[in-house]
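Quick note: the sequence shown uses our numbering, first residue 27, plus one each step. Here the structure comes first, spelled out in structure tokens, and everything after it is commentary.
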Amino acid sequence: MAPRAIWTGCIRFGGVSVPVGLYPAERSHRRIDDPGQLDAVEPASGHVIEVLDFVREDRIDLRFYDFSHRLGPHGDDRKYAALATALQKMQRVGVCQWTVGGKSYLGVLTGAGGILSLFTLRRKNGARHADPLILSQAALDERELSAA
27 MAPRAIWTGC IRFGGVSVPV GLYPAERSHR RIDDPGQLDA VEPASGHVIE
77 VLDFVREDRI DLRFYDFSHR LGPHGDDRKY AALATALQKM QRVGVCQWTV
127 GGKSYLGVLT GAGGILSLFT LRRKNGARHA DPLILSQAAL DERELSAA
């Protein structure tokens with residue numbers, strides 16, 4: 027069974043509008059029994075994901091990436107494919123803003139693998155620090171390195 031879009035709208039930048047459907051990137055364990063539950067998912071700003079700027083991929087620290095969503099074409103496949111391909115080839119991401127349930131979000135639009143993905147971004151104080159994960163600087167011999 028093909029997945030269904032939980033939201034439809036468009037990505038907008040400059041004078042261009044790309045119609046998309048939003049699909050969860052992970053399987054949800056929650057069921058939506060009441061269509062009214064979807065009201066909290068739908069943006070109040072006319073179903074628009076506004077691209078504020080396009081920047082190099084490496085300009086945004088991966089620690090700030092939070093939840094991911096997949097965006098599929100909704101109508102015009104050519105515009106969708108053109109945007110996804112351009113982002114991937116130019117190694118750019120779109121810095122986006124959208125509103126869901128009265129709350130404004132900031133995120134990143136990527137085009138890896140020809141598929142548009144939308145990642146919400148954590149606030150600066152919400153980024154995870156890698157310090158607890160840093161291992162001791164133990165010297166490894168050649169045998170250990172070759173086994174790795």
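For glycine and all other residues, C-beta sits at the position ideal for the given N, C-alpha and C. Computed from a predicted model, the values in this text were never measured in an experiment.
Measuring straight from C-alpha to C-alpha, what distance separates residue i and residue j?
i       : j       : result
Lys-115 : Leu-97  : 18 Å
Ile-75  : Arg-148 : 17 Å
Asp-79  : Leu-113 : 12 Å
Ala-165 : Arg-118 : 38 Å
Asp-103 : Ser-43  : 12 Å
Phe-90  : Val-126 : 19 Å
Ala-107 : Gly-140 : 7 Å
Val-46  : Trp-33  : 9 Å
Along the chain, where does the alpha helix (DSSP H) containing residue i start, and where does it finish?
i       : result
Asp-103 : 103 to 116
Arg-169 : 168 to 173
Applying the criterion that 16 or more other CB atoms from any shown protein chain within 10 Å of the CB defines a buried residue, is residue i buried or exposed?
i       : result
Ala-110 : buried
Gly-128 : exposed
Gly-137 : buried
Leu-88  : exposed
Val-134 : buried
Going by DSSP, which residues form a beta bridge with residue i?
i       : result
Gly-128 : Gly-128 pairs with nothing; no bridge assigned.
Phe-80  : Gly-120
Phe-90  : BP columns for Phe-90 are empty, so no partner.
Ile-75  : Ile-37
Which residues bound the beta strand (DSSP E) around residue i?
i       : result
Leu-179 : The question about residue 179 has no answer, for the chain in this structure spans 27 to 174.
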